[in-house]
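First up is the structure itself, then whatever we jot down about it.
Protein chains: 2
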Amino acid sequence: MTAHPRAGDCIEALCAKFDRNTVLVGEDIPARNMADTSFLPRLRPLAVVRPDTPQGVADALAICSAHGVAVVPQGGMTGLAGGAHPIEGAIALSLERLQGIEEIDRAAATMTVRAGTPLEVIQKVADDAGFFIPLDLGARGSCAIGGNLGTNAGGNRVIRYGMAREMVLGIEVALADGTLMTSLNKMIKNNAGFDLKQLFIGSEGTLGVITRTVLRLHPQPGCTMAALCGVDDYESVVKLLSGARRGLGPLLSAFEVMWPDYWHAATVRVPGVRRPVEGDHAFYVLVEAQGLDEKLDGERFQTWLESQFETGLIADAAIAQSKADALAFWRTRDAAGEFQTVLGPHCAFDIGLPVAAMDDFAQACRSRLEAEVPGCLSVYYGHIGDGNLHIVALVEGAATQPSSRINRIVYETVRAFGGTVSAEHGIGTIKKPYLSFSRSPEELALMATIKKALDPHNILNPGKVIDLKAEAAS
Amino acid sequence: MTAHPRAGDCIEALCAKFDRNTVLVGEDIPARNMADTSFLPRLRPLAVVRPDTPQGVADALAICSAHGVAVVPQGGMTGLAGGAHPIEGAIALSLERLQGIEEIDRAAATMTVRAGTPLEVIQKVADDAGFFIPLDLGARGSCAIGGNLGTNAGGNRVIRYGMAREMVLGIEVALADGTLMTSLNKMIKNNAGFDLKQLFIGSEGTLGVITRTVLRLHPQPGCTMAALCGVDDYESVVKLLSGARRGLGPLLSAFEVMWPDYWHAATVRVPGVRRPVEGDHAFYVLVEAQGLDEKLDGERFQTWLESQFETGLIADAAIAQSKADALAFWRTRDAAGEFQTVLGPHCAFDIGLPVAAMDDFAQACRSRLEAEVPGCLSVYYGHIGDGNLHIVALVEGAATQPSSRINRIVYETVRAFGGTVSAEHGIGTIKKPYLSFSRSPEELALMATIKKALDPHNILNPGKVIDLKAEAAS
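Chains as they are written, first to last, in full-length UniProt numbering: chain A, 1 to 474; chain B, 1 to 474.
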């Protein structure tokens, strides 16, 4: 794809419509708009348009649409799959100036926010108002809520609160033709026709550009309990998960499992990570519950943990006695964020699998990597309660990583186990070659039908998520 | 619409494909397939096709599609908005023989079921396996899970567990052209492309016919606490709701509010309903929480209730001391099911409103009904925590109810208050004239775009939910 023949006219029309701070071209284009966090090579978009009103976003789309120029929606640029990465010949439509909380409705327990608002700002405002936004991820300081919705972000507390999708009541979207569709519903029950917001959540800007949203607010948790457990076999891990669901019910807020290879990398290789439990175990499980009342729920958590110990599911366990303890437990899990520094360049995976099959998968994947990629180290950890596994794989010390071989082996194993190539990061461009590993031809065809219906001229993030036949033929 | 010219050929093709028990015509068509529960006049479909496999449903659709004959999907026939009601010149595609539980996956906590399975059967099987299906509604014995999903059913425990939509992980759908799209995902996190199931949930059979689904299983609640409170003003009701969200957190499983006119009708007119609290109050609130442990959570509930009493939010309250008490409390709320017998023919409404505006709405609606429909009694009650209000309105003793006048007044008031004309019952045909009261032209246009993309020949439940321009022109 090269610059569109009418691109010059399009940029001219954008400059005529918006002020100089809204349309950036040439050398004025900041580095932030040239790449997301997917490690794809930097690319300068034709122009960056960054309106500061929802109608401005719609107007920009109308102009691009009229000129047949493609648009890449951009938020906080923290996506890992390439969804917001520039495309050659396309304009970047950035939500970075569409920020702010418009309303908190205490009776409805909702918050109306603009799409470019960073997640951390939203968390903070909710907290100040006495509420809780359960969505949380490492990039909280820079990711924008529009991108969180566009990728249907997950995070650590999905087991209790669901994905980003479950936190949304209303949405406003600029459609491909520049129509601004405002659907800022605040009601939990609303069955007046199709639930249109569902189309845009998780579609990575390929069907429309989210401009505002109504989020559900939750009550603040009164207390948090955490334990780190050593478990001796995978069957016991699965039983412990069932036991946590039953014994902690809706208080269960995280169930993170770390395989021994991961545990070693996190606690030996990453500096400053201590081991809350000693000895060698087949699995390390971090269980967290959010309660209402320190006394009642603390007692409940302790009693539950003891019962799991007595039945022999847990070989060893440490229970957090303080916030510092809980943080230290989470450090073992968050250490993955430092693998880039400690282990060097590597391939990182976000996949999903049926819970029961996870360990078989890990064994199969590790064996194939070791056999087919000499010197390959792979470590396994994840949000097991949600069926979400992360993998970090690399050949330590290699000048360049054999990424394509590693990718293929991992995704082929995912396919063999009936898993998903993306649990929470989306598809973007990075995972697009593997989408058919997890989706049937019928599913892919229906996705294409929807894309063509909502974006008939294929100007919204073209080439991301799915390939259209027409495009493939060109 | 009259019988389609190729209808005869279509039925012939269906008879050639299926056995005599699968295709019913003429006098063999049972009464159950001639009407749902919307009180629309009975209508005999051209034929009833009732395949007993998912592929059979797809094959039937392929045949109807090839002949251009419209199809009305039918489940338990318990819908109140006309979604499953026959259409003249159309074939009824009934899921009644596509029944059964295919799998319970204990590790994933999922259940795979066929669309025609009655909800009560699913609840029972889950219970026997030590799990809990939170979806529950009055029609549980006869409604089918496919219809529950097709209408995105609600019920009493939405405040805790969400709508039917939130309970679904995977889906299988027969598309308009006879494609069987199998997407029986079991993973909580799965962002591999668009989340296609969302299209079909709540679209009332206008976009596809659900054949199977994967449901999330929840742990069984360990105990249930309930209180019936008298509250003296609406501001206190809203504060009590906020207090319940904070104080009971994720245990809060119902927050039902009854206005005095409803309370009078339920406890004076319906035989055998006792008043758990005496005296006259402005509102009666049923609060229910599901806990894990009788001792801990019973104490928590009692302490919370006392604190609300001490702050003056509650004027009077009864707390259930037994299952019988809790049932007696729910009897006041379930008495609405007997209004048909006790009050006679009436108009019943399922609407949604912003929580803060509910009492203002009730006052405005009642005033207009009394002023414009002489002798009109209207009573108000609902799932306030979800923004869902029910209304029963009638002129007692009238030979025929002035339904269209009552409908118009209620829905116009909903529109004025920014509410939704359907909270949990769907649109069907009954509410279609009022859909534009709650949806903007942009929303309606996008619904039509989706409908046309997925059902280009408009054979799936045509004329339900939305009108297409092409159809309106014919």
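Beta carbons: idealized from backbone N, C-alpha and C, even for Gly.
Could you tell me the alpha carbon to alpha carbon distance between residue i and residue j, rounded to whole angstroms?
| i | j | result |
| --- | --- | --- |
| alanine 398 of chain A | arginine 439 of chain A | 33 Å |
| histidine 457 of chain B | alanine 453 of chain A | 15 Å |
| alanine 317 of chain A | aspartate 233 of chain A | 15 Å |
| histidine 383 of chain B | valine 257 of chain B | 7 Å |
| arginine 97 of chain A | proline 221 of chain A | 32 Å |
| serine 474 of chain A | leucine 468 of chain A | With a pLDDT of only 33 at serine 474 of chain A, under the threshold of 50, the placement of this residue in the model should not be trusted; the figure read from the coordinates follows. Near 10 Å, if we compare the C-alpha coordinates of leucine 468 of chain A and serine 474 of chain A. |
| valine 238 of chain B | alanine 107 of chain A | 6 Å |
| glutamate 372 of chain B | proline 345 of chain B | 19 Å |
| cysteine 15 of chain B | proline 441 of chain A | 30 Å |
| leucine 175 of chain A | leucine 286 of chain B | 43 Å |
| isoleucine 430 of chain B | glycine 419 of chain B | 17 Å |
| methionine 1 of chain A | glycine 208 of chain A | At methionine 1 of chain A, the pLDDT of 45 sits below 50, so the modelled position is not reliable; the number obtained from the coordinates is stated separately. Straight-line Cα distance between these residues: approximately 22 Å. |
| methionine 181 of chain B | phenylalanine 200 of chain B | 11 Å |
| glycine 291 of chain B | proline 271 of chain A | 42 Å |
| valine 465 of chain B | leucine 215 of chain A | 26 Å |
| alanine 254 of chain B | glycine 243 of chain A | 25 Å |
| alanine 472 of chain B | cysteine 229 of chain B | Note that alanine 472 of chain B scores a pLDDT of 40, beneath 50, so its modelled location is shaky and nothing firm can be said. |
| leucine 446 of chain A | leucine 196 of chain B | 8 Å |
| arginine 274 of chain A | tyrosine 262 of chain A | 14 Å |
| leucine 435 of chain A | glycine 202 of chain A | 14 Å |
| arginine 6 of chain A | asparagine 461 of chain A | 18 Å |
| aspartate 280 of chain A | glycine 82 of chain A | 38 Å |
Hey, residue i and residue j: beta-carbon distance below 7 Å or not?
| i | j | result |
| --- | --- | --- |
| leucine 149 of chain B | alanine 139 of chain B | no |
| leucine 217 of chain B | alanine 364 of chain B | no |
| proline 41 of chain B | isoleucine 91 of chain B | no |
| serine 378 of chain B | alanine 393 of chain B | yes |
| proline 73 of chain A | glycine 205 of chain A | yes |
| valine 231 of chain B | phenylalanine 283 of chain B | yes |
| proline 86 of chain A | leucine 43 of chain A | yes |
| threonine 117 of chain A | glutamate 102 of chain A | no |
| glutamate 424 of chain B | asparagine 191 of chain A | yes |
| alanine 153 of chain A | leucine 137 of chain A | yes |
| isoleucine 210 of chain B | alanine 326 of chain B | no |
| lysine 189 of chain A | aspartate 360 of chain B | no |
| serine 236 of chain B | leucine 313 of chain B | yes |
| glycine 178 of chain B | alanine 62 of chain B | yes |
Could you please give the first and the last residue of the uninterrupted alpha helix (DSSP H) stretch that includes residue i?
| i | result |
| --- | --- |
| serine 438 of chain A | 435-438 |
| glutamine 308 of chain B | 294-310 |
| aspartate 177 of chain B | No alpha helix (DSSP H) holds aspartate 177 of chain B; DSSP gives it neither H nor E. |
| alanine 326 of chain B | 323-334 |
| glutamate 166 of chain B | Taken as a continuous stretch (DSSP letters only), glutamate 166 of chain B belongs to no alpha helix (DSSP H), as it is neither H nor E. |
| lysine 452 of chain B | 441-454 |
Let me check you understand the geometry: is the CB of residue i closer than 6 Å to at least one non-hydrogen atom of the ligand NAD?
| i | result |
| --- | --- |
| glycine 387 of chain A | The ligand NAD is absent from the structure shown, which contains no ligand whatsoever. |
What span of residues does the beta strand (DSSP E) with residue i cover, start to end?
| i | result |
| --- | --- |
| glutamine 74 of chain B | 71-74 |
| cysteine 376 of chain A | 376-383 |
| asparagine 388 of chain A | 388-395 |
| glycine 147 of chain A | First-last for glycine 147 of chain A: 145-150, but that is the alpha helix (DSSP H), not the beta strand (DSSP E). |
For residue i, does the three-state DSSP call read helix, strand or coil?
| i | result |
| --- | --- |
| serine 404 of chain B | helix |
| serine 474 of chain A | With a pLDDT of only 33 at serine 474 of chain A, under the threshold of 50, the placement of this residue in the model should not be trusted, and no figure is reported. |
| methionine 1 of chain A | Reliability of the predicted coordinates at methionine 1 of chain A is poor, the pLDDT of 45 falling under 50, and the value obtained from them is presented with this limitation in mind. It is coil, neither helix nor strand. |
| histidine 67 of chain B | helix |
| proline 354 of chain B | coil |
| methionine 111 of chain A | strand |
| glutamine 290 of chain B | strand |
| aspartate 280 of chain B | coil |
| leucine 24 of chain A | strand |
| alanine 126 of chain A | helix |
| threonine 420 of chain A | strand |
| glycine 428 of chain A | coil |
| alanine 317 of chain A | strand |
| leucine 135 of chain A | coil |
| proline 260 of chain B | helix |
(message) Just to confirm the assignment: which complete alpha helix (DSSP H) runs, minimum length 4, are found wholly within the segment 183-257 of chain B?
(response) 197-200, 234-248
(message) Which complete beta strand (DSSP E) runs does the segment 31-104 of chain A hold, if anything under 3 residues is left out?
(response) 47-49, 71-74, 91-94
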